[in-house]
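Okay, structure first, notes after.
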Amino acid sequence: MALIVQKYGGSSVADAESIKRVAKRIVETRRAGNEVVVAVSAMGDTTDELLDLASEVTPIPAPRELDMLLTAGERISMALLAMTIKGMGADALSFTGSQAGMITTAEHGSAKIVDVTPGRIREALDQGSIAIVAGFQGFSRDSRDITTLGRGGSDTTAVALAAALNAEVCEIYTDVDGIFTTDPRIVPLAQKIDAVSAEEMLELAAAGAKVLHLRAVEYARRHGVVLHVRSSFSSEEGTIVYDPAKGHPKGEQVEEPIITGIAAEKNEAKITVGGVPDVPGVAAHIFEVVAKTNANIDIIVQNVSAADTNRTDISFTVPAAEGRRVIEALERERDNLEFETLQYDDQIAKVAVVGAGMRTSSGVSAQLFRALYDAGINIEMISTSEIRISVVTRADLMEKVVQVLHTAFGLDAETEATVYAGTGR
1 MALIVQKYGG SSVADAESIK RVAKRIVETR RAGNEVVVAV SAMGDTTDEL LDLASEVTPI
61 PAPRELDMLL TAGERISMAL LAMTIKGMGA DALSFTGSQA GMITTAEHGS AKIVDVTPGR
121 IREALDQGSI AIVAGFQGFS RDSRDITTLG RGGSDTTAVA LAAALNAEVC EIYTDVDGIF
181 TTDPRIVPLA QKIDAVSAEE MLELAAAGAK VLHLRAVEYA RRHGVVLHVR SSFSSEEGTI
241 VYDPAKGHPK GEQVEEPIIT GIAAEKNEAK ITVGGVPDVP GVAAHIFEVV AKTNANIDII
301 VQNVSAADTN RTDISFTVPA AEGRRVIEAL ERERDNLEFE TLQYDDQIAK VAVVGAGMRT
361 SSGVSAQLFR ALYDAGINIE MISTSEIRIS VVTRADLMEK VVQVLHTAFG LDAETEATVY
421 AGTGR
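Okay, so the sequence shown: first residue is 1 according to UniProt numbering, each after it adds one.
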């Protein structure tokens, strides 16, 4: 008997009919002889609606109380789903994150999982029940409070449960038929990928691919969890995220494509620290200040210093939601850091092409830059790794950049992809 963990996002359980459809799939999986654990998100846009409601009653909601409020969304979903499954003649029990043993750090709004003790889940499975777990939430032993894991937390919940229970696979259900070469809402001719390596998926998620959350992919790779991304609206096979060390899931030697996919993110900001003394240790001091804000830095570029002043500029990107916090921290340290100017630009977008085949292929950068040049698109920043090339452009050009590069690298399909619902988040 295999143990399967399934995760359903907000669009998959957006209303009563959607919940019934999901429940039918879960019951079918159980009746096929599998043990089933389900992590579920809040219905539709519930989380956003609760955030809006909180902002209506106070401009700065208390973090602890905000977590108490937001976790209500997943509790509603888990209870409704368990009720529906019971109505179909199967046994199901719902559990909050704390009841499921999701132990986290104490940070409200962005807690990290430190341990999973799924004793009650294991008991429910042993009794023949389907376990329905509220995603996105946990419990801190230190503060004894309910916590939330941040956006994408339901993905991480599912992967953590799969690892703790030694599940055969963790199925992530969303509103598209798997992982595509890019967002099919931007490029309708995007192709579904049958299998993608964990390292490629990490790069795609880090660069903005929304179908899987970065933390969930990192957790899965670290704990050896096999991910299977599928649509809750169809019976398509979806996409397997596999460990290259264990071989391709098709069991054959498959030559890696040069470019596997293209990811994009518009909610980015560029910060430029201008007129920085070009002496040892200055960059370290700048990024130590940034590190204390807990901001996630991606691309970093340092200009050549001016010969007459021996000063240089350092630019870097952070998520736009974290940008103002970083600016304020740097301003407080202006005298100590001795920089001359500080610029903030949140009208940028980051686009990345990813492919393990880049390791053994030449000319990829030239092809990328030529395609953007021919389309009249200016590049503001560039960053590369072994299997990723990222560029920063104006935010209003993001979709055009993705479309141009998708065509330039021969990724367009012959028919349009099907998108069944909203964003799946």
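All C-beta atoms, glycine included, are put in the ideal place defined by N, C-alpha and C. Being a predicted model, the structure only gives us computed values, none of them experimental.
* To do: Using 10 angstroms around the beta-carbon of ARG425, count the other beta-carbons present and answer buried if the total reaches 16, otherwise exposed.
  => By 1-based counting over the sequence shown, the position of residue 425 is 425. Any reading at ARG425 must be qualified, since the residue scores a pLDDT of 38, below 50, and its modelled position is unreliable; the value itself is stated next. With 16 or more other Cβ atoms within 10 Å, it is buried.
* Cut-off 6 Å between Cβ atoms - residues of its own chain near MET78, not counting five sequence neighbours on either side -> Position 78 of the sequence shown holds residue 78. Correct list, in chain order: VAL40, SER94, ILE132 and ALA134.
* To do: Report buried or exposed for GLN137, applying the criterion of at least 16 other Cβ atoms within 10 angstroms of its Cβ.
  => To locate residue 137, count along the sequence shown from 1; it is residue 137. By the 10 Å Cβ count, GLN137 comes out buried.
* Asked: Hey, which unbroken runs of the alpha helix (DSSP H) at 4 residues or more fall wholly within the region 341-385?
  -> 364-374
* **Same chain, Cβ closer than 6 Å to ILE314, five either side skipped, listed in chain order** => Indexing the sequence shown from 1 puts residue 314 at position 314. VAL273, VAL276 and GLN302.
* Asked: If you draw a straight line from the C-alpha of ALA413 to the C-alpha of GLN403, how long is it?
  -> On the sequence shown, residue 413 is found 413 positions in, with the first residue counted as 1. On the sequence shown, residue 403 is found 403 positions in, with the first residue counted as 1. Whole-angstrom Cα-Cα distance: 12 Å.
* Near THR423, which residues of its chain fall below 6 Å by C-beta distance, leaving aside the five closest residues on each side in sequence? -> Counting from 1 along the sequence shown, the entry for residue 423 is found at position 423. Confidence at THR423 is low in this model, with a pLDDT of 42, below 50, so its placement is unreliable and the value that follows should be read with caution. Here the set comprises nothing.
* Nonlocal neighbours in the same chain, by C-beta distance under 6 Å from GLN343, ignoring five residues either side -> For this step, residue 343 is matched to residue 343 along the sequence shown. So the list reads THR272, once near-sequence residues are dropped.
* Within the chosen definition, does the region 107-121 reach the region 149-158 through at least 3 CB pairs nearer than 8 Å? -> yes
* For chain C, find out if any of its Cβ atoms is closer than 8 Å to the Cβ of MET102; answer yes or no. => The structure shown contains no chain C; it holds only a single protein chain.
* Please report the residue range of the alpha helix (DSSP H) in which VAL57 lies. => By one-based count along the sequence shown, residue 57 stands at place 57. Start and end: 46-57.
* LYS270: buried (16+ other C-beta within 10 angstroms of its C-beta) or exposed? -> Looking up residue 270 in the sequence shown gives position 270. That one is buried.
* With DSSP as the reference, label MET102 as helix, strand or coil. => In the sequence shown, residue 102 corresponds to position 102, counting from 1. The answer is strand: DSSP assigns MET102 an E or B state.
* **Best match in GLY44, GLU386 and PRO59 for proximity to ARG359 [C-alpha to C-alpha]** => Locating residue 359 in the sequence shown gives position 359, where the first residue counts as 1. Taking only the C-alpha atoms, the option nearest ARG359 is GLU386.
* Nearest to VAL289 by CA position, among ASP308, ALA263 and GLU333, is which residue? -> If you number the sequence shown from 1, residue 289 lands on position 289. Closest option to VAL289, Cα to Cα, is GLU333.
* Cβ-based neighbour list, HIS213, same chain, cut-off 7 Å, excluding 5 preceding and 5 following -> Counting from 1 along the sequence shown, the entry for residue 213 is found at position 213. Cβ neighbours of HIS213 beyond the five flanking positions: GLY152, ASP155, THR156 and ALA205.
* Asked: Just to confirm, are GLU237 and THR317 a CB contact at a threshold of 8 Å?
  -> Residue numbering aside, residue 237 sits at position 237 when the sequence shown is read from its first letter. Residue numbering aside, residue 317 sits at position 317 when the sequence shown is read from its first letter. Taking 8 Å as the Cβ cut-off, GLU237 and THR317 do not qualify as a contacting pair.
* Asked: What residue ranges within the region 157-236 form continuous beta strand (DSSP E) runs of no fewer than 3 residues, ordered along the chain?
  -> 169-174, 195-197 and 227-231
* Cα-Cα separation between ILE382 and LEU405, rounded to whole angstroms -> The sequence position of residue 382 within the sequence shown is 382, counting from 1. The sequence position of residue 405 within the sequence shown is 405, counting from 1. If I take the Cα positions, the gap works out to 15 Å.
* **SER41 in three-state terms, based on DSSP** => Locating residue 41 in the sequence shown gives position 41, counting from the first residue. Note: SER41 maps to coil in three-state DSSP.
* Can you give me the Cβ contacts of LEU189 inside the same chain, cut-off strictly under 7 Å, excluding the 5 residues immediately before and after it? => Locating residue 189 in the sequence shown gives position 189, where the first residue counts as 1. Only ASP412, ALA413 and GLU416 meet the Cβ criterion.
* Under a three-way DSSP split, which group does GLY424 fall into? -> Working through the sequence shown from its first residue, we reach residue 424 at position 424. Its pLDDT being 39, under 50, GLY424 is placed unreliably in this model, and the coordinates cannot settle the point.
* Asked: Roughly how many angstroms separate the alpha carbons of MET88 and ALA198, rounded to a whole number?
  -> Along the sequence shown, one-based indexing puts residue 88 at 88. Along the sequence shown, one-based indexing puts residue 198 at 198. Near 36 Å, if we compare the C-alpha coordinates of ALA198 and MET88.
* List the residues that DSSP assigns as beta-bridge partners of ASP115. => As a position in the sequence shown, residue 115 is number 115, starting the count at 1. According to DSSP, ASP115 bridges with ILE103.
* What span of residues does the alpha helix (DSSP H) with LYS400 cover, start to end? -> For the purposes of this step, residue 400 is taken as the residue at position 400 of the sequence shown. Segment 398-408, the alpha helix (DSSP H) holding LYS400.
* So, LYS350 versus ALA220, is the Cβ gap smaller than 8 Å? -> Here residue 350 refers to the residue found at position 350 of the sequence shown. Here residue 220 refers to the residue found at position 220 of the sequence shown. Taking 8 Å as the Cβ cut-off, LYS350 and ALA220 do not qualify as a contacting pair.
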